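Structure first, commentary second.
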Amino acid sequence: MAHIPFTAEDDANLKGMARFARFAAVAAIATGVLQMITQSVGALLSPAPAANLGVPLCTGAVGVLVAGLLGFFLFRVAKAVDLVVNTDDADQLHLVESLRALQGYFMVKGVIYILGVLVFCACFTAVVFFGAAALSMVGR
-12 MAHIPFTAED DANLKGMARF ARFAAVAAIA TGVLQMITQS VGALLSPAPA
38 ANLGVPLCTG AVGVLVAGLL GFFLFRVAKA VDLVVNTDDA DQLHLVESLR
88 ALQGYFMVKG VIYILGVLVF CACFTAVVFF GAAALSMVGR
């Protein structure tokens, strides 16, 4: 793989992209950790903390894992783009690596969005079904 000649403006754009990807990775991981902390503190401050701690810890752990995975992909993007800018060999290889990392990032985000839509549809269906059942019982 060969060196790809970039203009100074292209180098600046790539450096900015790497910097932003690194910032977004740190922000994603920090958001996941803060989400777990706030859920756990909320459960601890509830009237029955021992009984209410399991679900927030589990959902918080899943949130941290997903945020960590997204952050991992974004760190890979930043590293590969930095290598494109800072080295003179294998630029194509580093660009392909950054695109693969972006593909992984968007795959995880896509799965999260699809799961979110499915959970929403399931909850909406349950509310409609049980709401209709409850309303049919009221008239009797």
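Numbering follows the working numbering, with no gaps: position 52 of the sequence shown is 39. Ideal placement from N, C-alpha and C gives every residue a C-beta, glycine not left out. Here the structure is a predicted model, which is why all the values come from computation and not from measurement.
Non-local beta-carbon contacts of G91 in its own chain, meaning distances under 6 Å to residues more than five positions away in sequence, involve F60 in chain order. Contact check between the stretch 13 to 25 and the stretch 39 to 59: three or more CB pairs, one atom from each, fall below 8 Å, which counts as touching.
If you draw a straight line from the Cα of H(-10) to the Cα of A8, it comes to about 23 Å. For T74, the secondary structure class from DSSP, reduced to helix, strand or coil, is coil. A contact is defined here as three or more CB-CB pairs under 8 Å, and the stretch 75 to 83 fails this definition with respect to the stretch 20 to 28. Only exposed fits V98, as fewer than 16 other CB atoms lie within 10 angstroms of its CB. Taking a contact as a CB-CB distance under 8 Å, the pair V68 and A5 counts as one, their CB atoms being some 4 Å apart.
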